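According to the numbering used here, the sequence shown is numbered sequentially starting from 24.
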Amino acid sequence: MHACSTLSEKELVESLQRGDSLAFAQIYETYWCALYRAAYSRLKNKEVAEEIVQELFVQLWERRKGLQIGKLEHYLFRALKYAIIDFIRAQVVQDRYLDHYKTFVDQNTNPAEEELTYDTLRTHLEHGLDTLPDKTREIFRLSRMEGWPISRIASHFSVTDKAVEYHLTKSLKTLRLYLKDVALISLPFLFCNLCCLIAAQYLL
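The structure is reproduced here in structure tokens:
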């Protein structure tokens, strides 16, 4: 018999917070399927549901020491609810982001520039992001590409809201400069407009 199976829920949570991997495994085995079914029923996507539930347990383990857990089941399903909301919000942000670029390309590309696609534009942006320090880049992605609010990012990195705002301002300045440099090398008019579009989109 699994040693943790005889523990009360309170004892199981306390063992988890002390770093007991067996307690974590017991929680995982007990709740994974129910959480997955709940995620799948909302999202109708097996891979996404699995990824969200897996990430939920990763966060449970990584943040175990500072978690305030009353009733474990309620905590897990509430965390799942917010994870699904965050995913849907991020999808809306990304869809809007993609639509803006597709529209921009359709309006500004002539036959001589057919090779310029959304993927090309996104590649330049990704290269620009690679020039940022790791923490600044991750904060930028969470905020502008996944739709996380500043308060959640601050909590995730254990920093103040002002610190998050500083990193976002820093990343926007760096990206603008990078894209301006790209504009001087190739397709100046198109990339100058792209730079303005990106700045406008990310400041929303």
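Each residue gets a CB set at the ideal place from its N, CA and C atoms; glycine is no exception.
In this text the structure is predicted, and so the values were computed from the model without any measurement.
Extent of the continuous alpha helix (DSSP H) run through residue i
i           : result
residue 36  : 32 to 40
residue 55  : 44 to 66
residue 76  : 69 to 85
residue 178 : 173 to 180
residue 162 : 157 to 163
Proximity below 8 Å, CB of residue i to CB of residue j
i           : j           : result
residue 154 : residue 201 : yes
residue 87  : residue 165 : no
residue 35  : residue 50  : yes
residue 184 : residue 173 : yes
residue 113 : residue 169 : yes
residue 81  : residue 110 : no
residue 198 : residue 151 : yes
Nonlocal neighbours in the same chain, by C-beta distance under 7 Å from residue i, ignoring five residues either side
i          : result
residue 98 : 92
residue 73 : 59
Cβ-based neighbour list, residue i, same chain, cut-off 8 Å, excluding 5 preceding and 5 following
i           : result
residue 58  : 76, 79, 99, 100, 103
residue 69  : 63
residue 162 : 176, 180, 187, 190, 191, 194
residue 61  : 100, 103
Close Cβ partners of residue i (< 6 Å) along its chain, the five nearest in sequence each way excluded
i           : result
residue 159 : 190, 193, 194
residue 54  : 99
residue 84  : 47
residue 171 : 165
residue 108 : none
residue 89  : none
Checklist entry - For the region 90 to 109 against the region 61 to 69, are there 3 or more C-beta pairs whose distance is under 8 Å? => result yes
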